[in-house]
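Q: Top to bottom, those sequences are chains A and B. Letter 397 of the first sequence, counting from 1, is numbered 396 in numbering that gives the first Met the number 0, and no numbers are missing. Letter 198 of the second sequence, counting from 1, is numbered 197 in numbering that gives the first Met the number 0, and no numbers are missing. All residues carry an ideal CB built from backbone N, CA and C; glycine is no exception. Structure provided below as structure tokens; questions to follow.
2 protein chains.
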Amino acid sequence: MNKENFISQIKAASKAEVCDLVIKNITIIDVFQNSSFKDNVAIKNGVIVGFGDYEGAVEINGTNKYICPGLIDAHTHIESSLVTPKEYSKAALLHGITSAIVDPHEIANVLGTKGIKLMMDLSKDIPFDFYFMLPSCVPATSFETSGAVLEREDLLPFYKEKNVLGLAEVMNFPAVLNCDENMINKLWDAKSTGHIIDGHCAGFTNDMLNTYAAANILTDHESITADEVVERLRRGMYVHMREGSVAKNLKELIKAASIYNSRRICLCTDDKHIDDLIINGSIDNSIRMVISSGLLPETAIQMCTLNPSESYNLKNKGAIAPGYIADFIILEDLENFKIDSVYKNGNLVVYKNRLLYESYNDDFVYPSITNVNIRNLTKKDLEINLKNKKTLNVIEINPNKLESNHLKIDINTLKNTNYFESDTNLDLLKIAVIERHNNTGNMGLGIIKGLNLKDGAIATTVAHDSHNLIICGTNDEDMLIAAEEIKKLNGGTLIVKNGEVLASIQLEIGGLITGRKSADVVKDLKNLHCSIKDIAPDINFNPFLTLSFLSLPVIPVLKITDKGLFDVSKFDFIDIAE
Amino acid sequence: MNKENFISQIKAASKAEVCDLVIKNITIIDVFQNSSFKDNVAIKNGVIVGFGDYEGAVEINGTNKYICPGLIDAHTHIESSLVTPKEYSKAALLHGITSAIVDPHEIANVLGTKGIKLMMDLSKDIPFDFYFMLPSCVPATSFETSGAVLEREDLLPFYKEKNVLGLAEVMNFPAVLNCDENMINKLWDAKSTGHIIDGHCAGFTNDMLNTYAAANILTDHESITADEVVERLRRGMYVHMREGSVAKNLKELIKAASIYNSRRICLCTDDKHIDDLIINGSIDNSIRMVISSGLLPETAIQMCTLNPSESYNLKNKGAIAPGYIADFIILEDLENFKIDSVYKNGNLVVYKNRLLYESYNDDFVYPSITNVNIRNLTKKDLEINLKNKKTLNVIEINPNKLESNHLKIDINTLKNTNYFESDTNLDLLKIAVIERHNNTGNMGLGIIKGLNLKDGAIATTVAHDSHNLIICGTNDEDMLIAAEEIKKLNGGTLIVKNGEVLASIQLEIGGLITGRKSADVVKDLKNLHCSIKDIAPDINFNPFLTLSFLSLPVIPVLKITDKGLFDVSKFDFIDIAE
């Protein structure tokens, strides 16, 4: 805001100037008091300036409607949508989301600071506020090979950007617990410059929580039980209750919430695929779930407006009140959170499910990048030798959860006890994570249960957090072809059956997102989801996202990286067979 | 905090280092969740580092006790205590107050930036955190003569000080409403440097509130009704519920509070005399009143810990949680808020009503100042001519309230209709406000009802906000002697009867505070309060403080300055008689 606008909003508030817009006789959601009241709302220069009798250049009748602040997604990775911030915002605005705190962690793992800058550039000139947290752990751990390494010196210059709010989810907890110098420097830089630090406290003990809180790590979005919520809140942490495309924790977590502790509870998605966002919504749907749990609608709304705003020091945002930025939603119905229209900075951007703002900068030139830098693979590369071994360490996936289980299987129950072969009857499939950034030749092999492929293979370059190439298949031939086809695609996700690509989506920006329109991406995704039935008829969850999280060595229990099978509970590698 | 301490607290939290202090098995007040739970609390380097099993160099048994954050007075003027910040803090610590947001408005009106610096210097090296707001309106209005004028340029350098939080109570509301350039500059400087702006919304209409909120004025401590509280909270303002030595608003205001809206409610004193502070306490007593009103003790405590901390961006303060500064109180009893001991930065400073920390810097050299710069006055100066007038405009005081009433009295009911003479039967007394900073010769005369002096005169150099000399008497002779004696005293408060000083207190620092010990001040005050009975046998309120606020032209309705009788409702001067 500049001084002229500041003066103008004071003048409009004092009625010395006519307002731009007045919404009359509307029920105002008061997130400060968890209640509502009826009045007129006056707006000038994109800022709310007053309640009461105001004259507006435009006046709207709000009778029987509600005005609620624009929603804030407290933590999300835009890369998970597979589209650009621009395309993401179009879909999000339709659901009343007007701001998001984003962590460009995925693209930073592939492209480093260039990736962060690219996401910032792609976020400009859009009627949606993207706030950035700086990826704290690139690579997430030393147990995987990423495309870039971000040091303290790489992050420091970004703190001067006004839409950079702090340091993103600190997931390398041993580094914090052991006061690793690099990690301490990053924490100290954020703290000493007055920035926020996000946490990542998956499966934390209370001692670990103490350490994070003592390090001024302020938020966590990894709670999965109501008890965990209480322990984090006790320590003054903001709990981001997550309802994403893969991790759906809100129904369980909201049990811990009440009017007594709602103040430090926020709502977030963490990861949202564009098709899921378009069809099922985002934070708007979380609000409906919170209301269903028995909390007041105003409290549900507070959790994704005032609370994240206070937590991240977003000045003048997250409420309907004079001096606040005029990001708001007109609701037809409060209990069902039925959206009539959405305003960003006082401008109508969505009306009756129609996006009015289309004049985005569409001539952005994307950088040309080689996203899949690997050698040609052979069957030998995929060999898992079981000779003289007794037990197989198997990753068991949990549908719609990020956490995996660690199964131990007697090798004698397998048909081939010399070399592992995928077995669709036992649902034991071979999985490979192949380093794709620098052609190091690194490859981790493992066995997973629960994916239930009956034929062919699937592969993707979206594989958290280092985003190496991950392939899972019922036979080595299709796995090798999947690798070749991913290379041709220059990054993306695909399904192979009998040597043929059944469906694919190209993700030409870092192998993570595409510059294409959401509609095209949705078509590709639909095609993928239809085609998956050809090789996995009984699947009832998203196998590509599930696969994407199998390489994340900061989420319990058993994961796989390009360096091998990783036991998160031991924080070390283990053998496939022993 | 420095980086070494930051690392040390992380190490202590992770148990790599032994803690300094562990309080075992204590009930922890959880201000984040408005509840309590039992655990151990570990402290290292003055910071809380964890709950749970910790080893401490010192371990204390907390069984059957409670640990609560140190209290924060959200808004106060130390000058009102009549003592230095050092002496103030000694008394406040005994009542569990460990921090205060102070506005050196009074001394700034007398000494300008030198006064602000003096208060800052006097606040150093004390186990108590004084945070400063920069006086926004010196003089408060153009309707009085102060000892200094503070412009934008005078304030700007102070924003670099780390204990300066923002711009203090903006009381010149016409300047804001009319976008007066000087005022806008001060507001903009605070806003654009990320600082907080305090309000002063006495008797505001909702339109005026809109304007203040649109100007990003964040707080107000002038509510007197529950309805006013709701209107301010709706606009996102923090409501400071005041319970001071003169203005006692909490009992009425707390009716508006509930668990639904407690988040933006803080407790403050605004003005506290040292004797009142010592005897009746401060925010601790406000907590008892809030609990009596039916709110949870934890909610009452939240209002003077977490809430002011969030409001003023006091990092890591206002809660018992890892990473938070170890300012805390051990309570014997929660419902009655009975204090066992008080810790500041992890150090025991109060134990069983005894102050343990005495090693203050006592050799501070106070600047030598001529505080009462006036010529010799004569009876002629005090003359109020009533000839050809019909109605007398009389200030009626309200005991224990800052607001006065405007009485109109028929001159024919007076015994002398030519010149006003104080009349103790009618309780109509002459009052004079004499400019004392620059010997301008300015003098405002008026008539007050309600002070009930039966003999003699009282005088003080503590007269908000310009702190000119204010004298009220039953006869001109004693009023003139009071002026002379105040001059000899170099500032202070006194009682004169039949030409003799009955009692006095010297306030040699700006005519507002003294460098002497609290005990001496209390003795002087006791003497004043005893002696006042000699001239006002029926008085049941503090006449000196009441007098001090009669010259404040920003509080309704009728006030008096060195420039004359001031009608706050018209924001203009009126004649004594018309």
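Quick one: is residue 356(B) near chain A, going by C-beta distance under 8 Å?
A: Not an interface residue.
Q: Can you list, in chain order, the residues of the segment 76 to 102 of chain A whose Cβ is nearer than 8 Å to any Cβ on chain B?
A: Listed by position along the chain: nothing, the set is empty.
Q: Look up residue 496(B) in the DSSP assignment and say whether it is helix, strand or coil.
A: Strand, per DSSP.
Q: Pairing CB atoms from the segment 348 to 355 of chain B with CB atoms from the segment 380 to 399 of chain B, are three or more of them under 8 Å?
A: At 8 Å Cβ cutoff, the stretches do not touch.
Q: Starting from the beta carbon of residue 221(A), find every residue of chain B whose beta carbon is closer than 9 Å, and list them in chain order.
A: Near residue 221(A) there are no residues of chain B at all, since even the closest Cβ is about 18 Å away, more than 9 Å.
Q: Ignoring anything shorter than 3 residues, give me the beta strand (DSSP E) runs that lie fully in the segment 193 to 243 of chain B, in order along the chain.
A: With a minimum length of 3 residues, the continuous beta strand (DSSP E) runs that stay inside the segment 193 to 243 of chain B are 195 to 198, 237 to 241.
Q: Mind listing the chain A neighbours of residue 49(B)? Cutoff is C-beta to C-beta under 9 Å, in chain order.
A: Correct list: 205, 206, 208, 209, 210, 212, 213, 234.
Q: Output the boundary residues of the beta strand (DSSP E) element that contains residue 346(A).
A: That run of the beta strand (DSSP E) goes 346 to 350.
Q: Which whole-angstrom value is the C-beta distance of residue 520(B) and residue 460(B), which I expect to be below 8 Å?
A: Actually they are not in contact, since the Cβ atoms of residue 520(B) and residue 460(B) sit about 15 Å apart, beyond 8 Å.
Q: With a 10 Å radius around its C-beta and 16 neighbouring C-beta atoms as the bar for buried, classify residue 10(B) as buried or exposed.
A: Result: buried.
Q: State the Cα-Cα distance for the pair residue 223(B) and residue 173(B), rounded to the nearest angstrom.
A: Whole-angstrom Cα-Cα distance: 21 Å.
Q: Within the chosen definition, does the segment 417 to 430 of chain B reach the segment 468 to 476 of chain B through at least 3 CB pairs nearer than 8 Å?
A: Yes: the two stretches touch, three or more of their Cβ pairs being nearer than 8 Å.
Q: Given that residue 172(A) touches chain B, what residues does it touch there, using C-beta distances under 7 Å?
A: Chain B residues near residue 172(A): none, gap ~10 Å exceeds 7 Å.
Q: Against residue 252(A), what residues of chain B qualify as contacts under a CB-to-CB distance less than 8 Å, listed in chain order?
A: The premise fails here: residue 252(A) is roughly 14 Å from chain B at the closest Cβ pair, so nothing lies under 8 Å.
Q: With burial defined as no fewer than 16 other Cβ atoms inside 10 Å of the residue's Cβ, what is the status of residue 265(B): buried or exposed?
A: The residue is buried, with at least 16 neighbouring Cβ atoms inside 10 Å.
Q: Answer yes or no: does any C-beta atom of chain B fall closer than 8 Å to that of residue 263(A)?
A: Judged by the 8 Å Cβ criterion, residue 263(A) is in contact with chain B.
Q: On the three-pair Cβ rule with 8 Å, is the segment 152 to 172 of chain A touching the segment 186 to 200 of chain A?
A: Yes, the segment 152 to 172 of chain A is in contact with the segment 186 to 200 of chain A.
Q: Run through DSSP, which three-state label would residue 489(A) get?
A: Looking at residue 489(A) - three-state DSSP - the assignment turns out to be coil, as it is neither helix nor strand.
Q: Please classify residue 272(A): does DSSP put it in a helix, a strand, or coil?
A: The answer is coil: DSSP assigns residue 272(A) none of H, G, I, E or B.
Q: Examine chain B for any beta-carbon lying closer than 8 Å to the beta-carbon of residue 35(A), and answer yes or no.
A: No, its Cβ sits nowhere closer than 8 Å to a Cβ of chain B.
Q: For a contact defined as C-beta to C-beta under 7 Å, what are the partners of residue 8(A) on chain B?
A: Within 7 Å Cβ-Cβ: 213.
Q: Distance check for residue 87(B) and residue 132(A), CA to CA, integer angstroms please.
A: Their backbone Cα atoms lie some 43 Å apart in a straight line.
Q: Please confirm whether residue 303(A) has its beta-carbon closer than 8 Å to some beta-carbon of chain B.
A: It does not; no Cβ of chain B falls within 8 Å.
Q: When the Cα atoms are used, what is the spatial distance from residue 83(A) to residue 148(A)?
A: If I take the Cα positions, the gap works out to 23 Å.
Q: Do the CB positions of residue 488(B) and residue 503(B) come within less than 8 Å of each other?
A: Yes, the Cβ-Cβ distance between residue 488(B) and residue 503(B) is below 8 Å.
Q: Give a yes or no on whether 8 Å exceeds the smallest Cβ distance from residue 393(B) to chain A.
A: Residue 393(B) does not count as touching chain A.
Q: Out of 47(B), 408(B), 1(B), 231(B), point me to the one whose CA is closest to residue 17(B)'s CA.
A: Comparing Cα positions, the closest option is 47(B).
Q: Bridge partners of residue 505(A), per DSSP?
A: Beta-bridge pairing links residue 505(A) to 491(A).
Q: So residue 49(A) and residue 209(B) are in contact, right, with Cβ under 8 Å, and what is the actual spacing, rounded?
A: Their Cβ separation, rounded to whole angstroms, is 3 Å, which keeps residue 49(A) and residue 209(B) in contact under 8 Å.
Q: Quick check on residue 609(B): buried or exposed, where buried means 16 or more other Cβ atoms within 10 Å of its Cβ?
A: Here chain B comprises residues numbered 0 to 577, so residue 609(B) is not present and cannot be evaluated.
Q: Starting from the C-beta of residue 310(B), find all residues in its chain whose C-beta is less than 6 Å away, skip the five residues before and the five after it, and write them out in chain order.
A: Contacts found: 237.
Q: Alpha carbon to alpha carbon, how far is residue 205(B) from residue 230(B)?
A: Going from the Cα of residue 205(B) to the Cα of residue 230(B) covers about 7 Å.
Q: Flag residue 259(A) as yes if its beta-carbon sits less than 8 Å from any beta-carbon of chain B, otherwise no.
A: Closer than 8 Å to some Cβ of chain B, the Cβ of residue 259(A) qualifies, so yes.
Q: With a cut-off of 8 Å, does the C-beta of residue 309(B) fall near any C-beta of chain A?
A: Yes, contact with chain A.
Q: Given residue 545(B), which residues of its chain have a CB within under 6 Å of its CB, disregarding the five upstream and five downstream residues?
A: So the list reads 396, once near-sequence residues are dropped.
Q: Is the segment 485 to 500 of chain B in contact with the segment 242 to 262 of chain B, if contact means three or more CB pairs nearer than 8 Å?
A: No, the segment 485 to 500 of chain B is not in contact with the segment 242 to 262 of chain B.
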